[in-house]
Structure formats: C-alpha cells, structure tokens
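Residue numbers (the UniProt record's numbering): 1 to 99.
#1: Assign residue 94 to buried or exposed, taking buried as 16 or more other Cβ atoms, counted over all protein chains shown, within 10 Å of its Cβ.
#2: At what residues does the beta strand (DSSP E) containing residue 92 begin and finish?
#3: Answer with buried or exposed for residue 76, where buried requires no fewer than 16 other C-beta atoms within 10 angstroms of its C-beta.
#4: Is DSSP giving residue 85 helix, strand or coil here?
#5: Helix, strand or coil for residue 14? Go by DSSP, reduced to three states.
So, in structure tokens, the structure goes:
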C-alpha cells in the first residue's frame with residue numbers, strides 16, 4: 001500500500017483556508033479513483049511547543065500505479081488545480097510506501 005502525503009504549513013488566514021479545504025478541496029480529492037481512504041489531521045504542536053504546520057493529509061492507494069492513475073484522472077487533475085489555487089504556497093506533497 002502507498003500513500004500521498006500532503007503537509008500544509010500554517011496559512012495566513014486559517015479560518016478561510018479550513019473552510020475551503022474541508023468544504024471544497026477534500027470533496028474533490030475524495031472523488032479520485034482508487035482511493036482507499038483519506039485521513040486529515042490538524043497539527044496542534046510539537047514536543048518542543050509550537051509548530052509551523054497546520055494540516056497533514058494522507059491518501060491511501062493499493063499500488064504506486066493506482067496512485068499515479070488517480071493523480072492523472074480528471075478528478076485528480078481537478079483536485080490538483082484547486083490545490084495550486086488555494087494552497088500552492090503552503091503545501092508540500094510526498095509519496096510514501098506503508099511498511
């Protein structure tokens with residue numbers, strides 16, 4: 001199993017970001033073909049105190065190929081376009097294999 005991990009730093013306007021993320025973006029992302037599950041976590045700190053991170057999103061797929069197919073699907077392209085529009089400056093994306 002593999003996953004796409006999106007790490008979001010704190011945006012300038014957290015309330016507006018969360019509204020768009022949970023009402024628009026997550027709904028687009030959840031339509032991606034082959035998606036097994038999606039988990040979103042709000043970062044509330046670190047062992048040392050404050051964190052500059054806001055959200056962690058993990059999208060699970062059966063195989064690397066399924067993940068790449070999902071990203072290139074119409075649903076994946078729509079989610080990617082939306083992501084670049086509202087979070088392009090605060091997000092980093094990573095592929096990971098569950099071990």
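Ideal placement from N, C-alpha and C gives every residue a C-beta, glycine not left out.
Result, derived from the coordinates:
#1: exposed
#2: 91-97
#3: buried
#4: helix
#5: It is helical.
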